[in-house]
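Numbering (the working numbering), first residue to last: 12 to 207.
Report on the following structure.
If you want it as structure tokens, here you go:
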């Protein structure tokens, strides 16, 4: 995918302020740089002047060690795929400084998050959704609710039927995304770019 620096700047401007991200925050870089979710983790922290804790390979794969690190480093903003978070949530450890958990990268099961969120009412849990053809995230919503949330500022979503008309409520359709974070296309693949 061809994305611009402007795409990323637009994402950061549209989200970090709304989530109250500040220089005193402590974020983790948990995911591989090959995964687009890491772009959000890394630049979300750095663009707000926050501290970024890079998680080593062993700790990423050890939920207990990761939980201990979260407390030791006073992490306030945690970005997780649901699968990784479920392992952490099963430990039910206290992370007193944590104030925000952002989910992304795969489908979230709200029933797996809601019990943890009830035990940690001081933590705001957010589900963010994105697709390959955009810069990381398109929508945001409460992680304890069903659905993918609403478009973040500067993005739009339409559900269209097979004739490319707006689908009726409850009808099956295909999601079309508009906005400033759309990729410029697939490099050297004009046909795929046109199809997507």
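Even glycine gets a Cβ: it sits at the ideal position worked out from N, Cα and C.
As the structure is a computational prediction, the values presented were derived from the model and not from experiment.
For residue i, which residues from the same chain have a beta carbon less than 6 Å from its beta carbon, with the 5 sequence-adjacent residues on both sides left out?
i: residue 162; result: 150 and 168
i: residue 165; result: 21, 25, 190 and 191
Using a Cβ-Cβ cutoff of less than 7 Å, which residues in the same chain neighbour residue i once the five nearest sequence positions on both sides are dropped?
i: residue 198; result: 13
i: residue 84; result: 37 and 64
i: residue 160; result: 138, 140, 150, 151 and 152
i: residue 204; result: 196 and 197
i: residue 124; result: 136, 154 and 155
Buried or exposed: which applies to residue i, given that a residue is buried once 16 or more other Cβ atoms fall within 10 Å of its Cβ?
i: residue 183; result: exposed
i: residue 32; result: buried
i: residue 137; result: buried
i: residue 142; result: exposed
i: residue 212; result: Nothing can be reported for residue 212: it is not among the residues displayed for the chain, which extend from 12 to 207.
i: residue 39; result: buried
i: residue 45; result: exposed
i: residue 81; result: buried
i: residue 75; result: exposed
Grouping DSSP H, G and I as helix and E and B as strand, with all else coil, what is residue i?
i: residue 180; result: coil
i: residue 55; result: helix
i: residue 62; result: strand
i: residue 69; result: helix
i: residue 169; result: strand
i: residue 81; result: helix
i: residue 187; result: strand
i: residue 121; result: helix
i: residue 34; result: coil
i: residue 91; result: strand
i: residue 164; result: coil
i: residue 205; result: helix
i: residue 135; result: strand
Contact defined as beta carbons within less than 8 Å: I believe residue i pairs with residue j. What is the distance between those atoms, to the nearest angstrom?
i: residue 92; j: residue 117; result: 5 Å
i: residue 135; j: residue 111; result: 5 Å
i: residue 186; j: residue 170; result: 6 Å
contact_flag[the stretch 188-197, the stretch 141-148] where n(CB pairs < 8 Å) is 3 or more: yes
At least three beta-carbon pairs within less than 8 Å, the stretch 30-48 to the stretch 86-104: yes
The stretch 49-64 / the stretch 118-134 touching (three or more Cβ pairs under 8 Å): no
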